[in-house]
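Worksheet for the structure shown next.
4 protein chains.
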Amino acid sequence: MMQFKEQKSIYLQIADHMVENIIVKVWKNGERIPSIRETAIQMEVNPNTVMRTYNYLQDKGVIFNKRGIGYFTAPDALEHVLAEKKKIFIQQQLPELFKAMRSLQITPKEILSLYEKSEKELHNENQ
Amino acid sequence: MMQFKEQKSIYLQIADHMVENIIVKVWKNGERIPSIRETAIQMEVNPNTVMRTYNYLQDKGVIFNKRGIGYFTAPDALEHVLAEKKKIFIQQQLPELFKAMRSLQITPKEILSLYEKSEKELHNENQ
Amino acid sequence: MMQFKEQKSIYLQIADHMVENIIVKVWKNGERIPSIRETAIQMEVNPNTVMRTYNYLQDKGVIFNKRGIGYFTAPDALEHVLAEKKKIFIQQQLPELFKAMRSLQITPKEILSLYEKSEKELHNENQ
Amino acid sequence: MMQFKEQKSIYLQIADHMVENIIVKVWKNGERIPSIRETAIQMEVNPNTVMRTYNYLQDKGVIFNKRGIGYFTAPDALEHVLAEKKKIFIQQQLPELFKAMRSLQITPKEILSLYEKSEKELHNENQ
DNA sequence: GTGGTCTAGACCACC
DNA sequence: GTGGTCTAGACCACA
Numbered sequence: 133m134m135q136f137k138e139q140k141s142i143y144l145q146i147a148d149h150m151v152e153n154i155i156v157k158v159w160k161n162g163e164r165i166p167s168i169r170e171t172a173i174q175m176e177v178n179p180n181t182v183m184r185t186y187n188y189l190q191d192k193g194v195i196f197n198k199r200g201i202g203y204f205t206a207p208d209a210l211e212h213v214l215a216e217k218k219k220i221f222i223q224q225q226l227p228e229l230f231k232a233m234r235s236l237q238i239t240p241k242e243i244l245s246l247y248e249k250s251e252k253e254l255h256n257e258n259q
Numbered sequence: 133m134m135q136f137k138e139q140k141s142i143y144l145q146i147a148d149h150m151v152e153n154i155i156v157k158v159w160k161n162g163e164r165i166p167s168i169r170e171t172a173i174q175m176e177v178n179p180n181t182v183m184r185t186y187n188y189l190q191d192k193g194v195i196f197n198k199r200g201i202g203y204f205t206a207p208d209a210l211e212h213v214l215a216e217k218k219k220i221f222i223q224q225q226l227p228e229l230f231k232a233m234r235s236l237q238i239t240p241k242e243i244l245s246l247y248e249k250s251e252k253e254l255h256n257e258n259q
Numbered sequence: 133m134m135q136f137k138e139q140k141s142i143y144l145q146i147a148d149h150m151v152e153n154i155i156v157k158v159w160k161n162g163e164r165i166p167s168i169r170e171t172a173i174q175m176e177v178n179p180n181t182v183m184r185t186y187n188y189l190q191d192k193g194v195i196f197n198k199r200g201i202g203y204f205t206a207p208d209a210l211e212h213v214l215a216e217k218k219k220i221f222i223q224q225q226l227p228e229l230f231k232a233m234r235s236l237q238i239t240p241k242e243i244l245s246l247y248e249k250s251e252k253e254l255h256n257e258n259q
Numbered sequence: 133m134m135q136f137k138e139q140k141s142i143y144l145q146i147a148d149h150m151v152e153n154i155i156v157k158v159w160k161n162g163e164r165i166p167s168i169r170e171t172a173i174q175m176e177v178n179p180n181t182v183m184r185t186y187n188y189l190q191d192k193g194v195i196f197n198k199r200g201i202g203y204f205t206a207p208d209a210l211e212h213v214l215a216e217k218k219k220i221f222i223q224q225q226l227p228e229l230f231k232a233m234r235s236l237q238i239t240p241k242e243i244l245s246l247y248e249k250s251e252k253e254l255h256n257e258n259q
C-alpha cells in the first residue's frame, strides 16, 4: 500500500512513484511494467485512477502501450525523466528556494551544512 | 491588479500576497488592513473570494477581526508568518530539494554558484 | 475596560452588564445611570454601540430617559429584570441543561456536587 | 426536511444536527455520510451552505473527506463530539446555570424536582 | 458520481 | 461603513 498526501491528486502521486522507480532503476529502460489492474490492487485505488496515471505518463513519453500485451517504459525513459526533472528543478524549484532563503534570511552556508547533515543520516540508515 | 496563476486557487494566492505584505512590512503588526470589499475591487475578484482568504488567514492566526470595524494583522503577525514559512521550508521544501539533488547528481557547489549568480542578477535589476 | 466575547454582539453584552449592576444593587431602582458618552469611554466602544444598548433596555422597560437630564433605572427595575431572567431560565436555559445532561449521561447528583463545590469556591474568594 | 431557527445560522444548525446523528448512533464511527448534494436536497438548502457545514466539521475533526468519494465520520467521531460537548458543558453552560441560580435564588432542590418532572414528561411522550 | 472554486447578487446585524 | 450568511448557478478536477 501507499500513503497519499492531501495536497496533490492521487494519480500524480502514483506517477511520481513510477518515475522514481525508473530513476532508482527498479524499472529499466524498455521493461514491462505492472498492468493497470495490478497497480490498482497494489496501491488500493480505483483502476480508473491508475489509468489516468498511465495515460499521463504515456502523453509525456515515459511509458508506452503495446495493445493486448501491456505497458512498457520507453527506450529512453531514464534519460527522459532526468531531463524533465532537471528542467523543473532549474525553472521552478531553485527560484522558489532562493526566494524562501531571502525572505527567511537563510544563508547558503546554512543550506550546505544541512545538506551534509542529511547526507550523513542517509548513510547511517543504509548501513 | 494582480495576475493569477492557473495552478493554485485564487483565494490562496491572495493569501500568499497578503503574507508577503506582512513580510516586506507593507503591513505592520496590529495594523488595519483593507476591507473585504476594497480588496475585492483592487484584486478584481468577487468579495466572497476575498472573504475566503480572510477566513483562512484568521484561522491561521495571521489576521483577526473587530466586528463592524474591519480586519487587522495579529500583534505577532510577522513573527508568526516567518515561523510558519521556516517550518515549511525545513520540513518540506528542503527535503524535496535534497532528494532532487541526489537524483540529478547535482552538488551543493553548483547550487552555491547558481545562488550567487541569481543574487547578482537581483542587484542589476534593482540598480 | 471590559473584555467582550466573540459570540455575542457587543451592545447585548453591555446590556447584560448593566442588568447585572441592577441585580447586585450597584444601581438601585430609579437611580440615575452614567450617560451614553461616559459609558462609551469607560467601555472603550463607540457611543453608537452604547446608544443601541440604552435603546434596547429602554424598549424592555428596564431604564428610561429624562430629556436633557439623562437615563434612569425604572422604579421596578430590579423586579423587572429578575422576572425576565426567570422566564429565560425556565423556558430556555433549563431545557438545554436537561438535554445536555441526557446526551452526556450526567446525573442530577453530579450537578448537585458540582454546585456545592462552586459554592465553596465562591466563599473562599470572598473571604 | 428541517425547521431552522432564526437565531443561529443555518450551516451551524445543520452541524448540530449531524453531531446529534453521531451521538444517537444514526451514524457510526468511520461511516460514509450523505454527499453534500444529497444533504442539500434533503435539508432544502443550497449546496454551498452544506459545504460550509462539512468544512466546519472537518476543521473540528468530526468528519473527513476522501477525494472523489465523499465524506466520512472520523474513526473516533463519537468520543470526539462527546468530549467536546462535555467541555462546553463544564466550562460554559454550568457556570452560567449556577450564576443564574444565585441571581434568582433558585435552590438545587428545585432544579432536581424540575428535572424529575421533565423526565416523566419524556416517558409519557414515548409511550 | 464526488467535492472545490468562483461569480453575482441579495439581505442582514452590527459598529 | 463593516463583515456574515445564503441563494443560484456555473465550471472544473478528480475517483
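Protein chains in written order, with my numbering: chain A, 133 to 259; chain B, 133 to 259; chain C, 133 to 259; chain D, 133 to 259. Beta carbons are placed, not taken as given, at the ideal position from N, Cα and C, and that holds for glycine.
Chain order gives the chain D residues near Ile142 (chain A) as Arg199, where near means a beta carbon separation below 8 Å. For Ile195 (chain A), the enclosing beta strand (DSSP E) starts and ends at 195-198. Residue ranges of uninterrupted beta strand (DSSP E) with 3 or more members are absent from the stretch 159-191 of chain C; none lies entirely inside it. Residue C:Ile165 holds the alpha-carbon nearest to the alpha-carbon of Ile201 (chain C) among C:Lys218, C:Ile165, C:Asp191, C:Pro227.
Contacts with chain A at 8 Å (Cβ-Cβ) include Gln225 (chain B). Counting C-beta atoms within 10 angstroms of its own C-beta, Val194 (chain D) has 16 or more neighbours from the protein chains shown and is therefore classed as buried. Annotation for Glu216 (chain B): Lys192 place their beta carbon closer than 8 Å to its own, counting only its chain and skipping 5 residues before and after. Boundaries of the alpha helix (DSSP H) harbouring Phe230 (chain D): 226-236, taken from the DSSP string. A direct Cα-Cα distance of roughly 8 Å separates Pro240 (chain C) from Tyr247 (chain D). Considering only C:Ile220, C:Leu229, C:Ala172, the residue with the shortest C-alpha distance to Met150 (chain C) is C:Ala172. The beta carbon of Ser141 (chain D) lies closer than 7 Å to none in the same chain, with the five residues before and after it left out. Close to Ile155 (chain A), with beta-carbon spacing below 7 Å, are these residues of chain B in chain order: Ser235. With contacts defined by Cβ atoms closer than 8 Å, Leu214 (chain D) and Leu236 (chain C) form a contacting pair. Scanning chain C for C-beta atoms nearer than 9 Å to the C-beta of Phe221 (chain D) yields Leu229, Ala232, Met233, Leu236, Ile238, reported in chain order.
At a cut-off of 8 Å between beta-carbon atoms, Lys160 (chain C) makes no contact with chain D. Put simply, the CB of Tyr247 (chain C) is near chain D, with a gap under 8 Å to one of its CB atoms. The beta-carbon of Lys217 (chain D) is placed less than 8 Å from the nearest beta-carbon of chain C. The beta-carbon distance between Ile154 (chain A) and Leu210 (chain A), rounded to whole angstroms, is 6 Å. This is short enough to meet the 8 Å contact definition. Contact between Asn180 (chain D) and Gln190 (chain D) is absent: CB atoms are separated by about 15 Å, not below the 8 Å threshold. When DSSP states are grouped into helix, strand and coil, Phe136 (chain A) belongs to the coil group.
Any Cβ of chain B closer than 8 Å to the Cβ of Leu210 (chain A) would place that residue at the interface, and such an atom is absent. Cβ contact annotation for Ile220 (chain A) (same chain, cutoff 7 Å, sequence separation greater than five): none.
Between the alpha carbons of Ile238 (chain C) and Ala232 (chain C) lies a distance of about 8 Å. By the rule that beta-carbons nearer than 8 Å mark a contact, Ser167 (chain C) does not touch chain D. Between Leu214 (chain A) and chain B, the shortest Cβ-Cβ separation is below 8 Å. With contacts defined by Cβ atoms closer than 8 Å, Tyr186 (chain A) and Tyr203 (chain A) form a contacting pair.
According to the DSSP assignment, Gln145 (chain B) belongs to the alpha helix (DSSP H) that extends over 142-155. At a C-beta separation below 8 Å, Leu244 (chain A) has these neighbours in chain B: Pro240, Leu244. Distance between Val182 (chain C) and Glu170 (chain C), taken at the CA atoms: about 10 Å.
When the five nearest sequence neighbours on each side are left out, no beta carbon in the same chain lies closer than 6 Å to the beta carbon of Lys249 (chain D).
With a contact defined as Cβ atoms closer than 8 Å, Leu229 (chain C) and Leu229 (chain D) qualify at about 6 Å.
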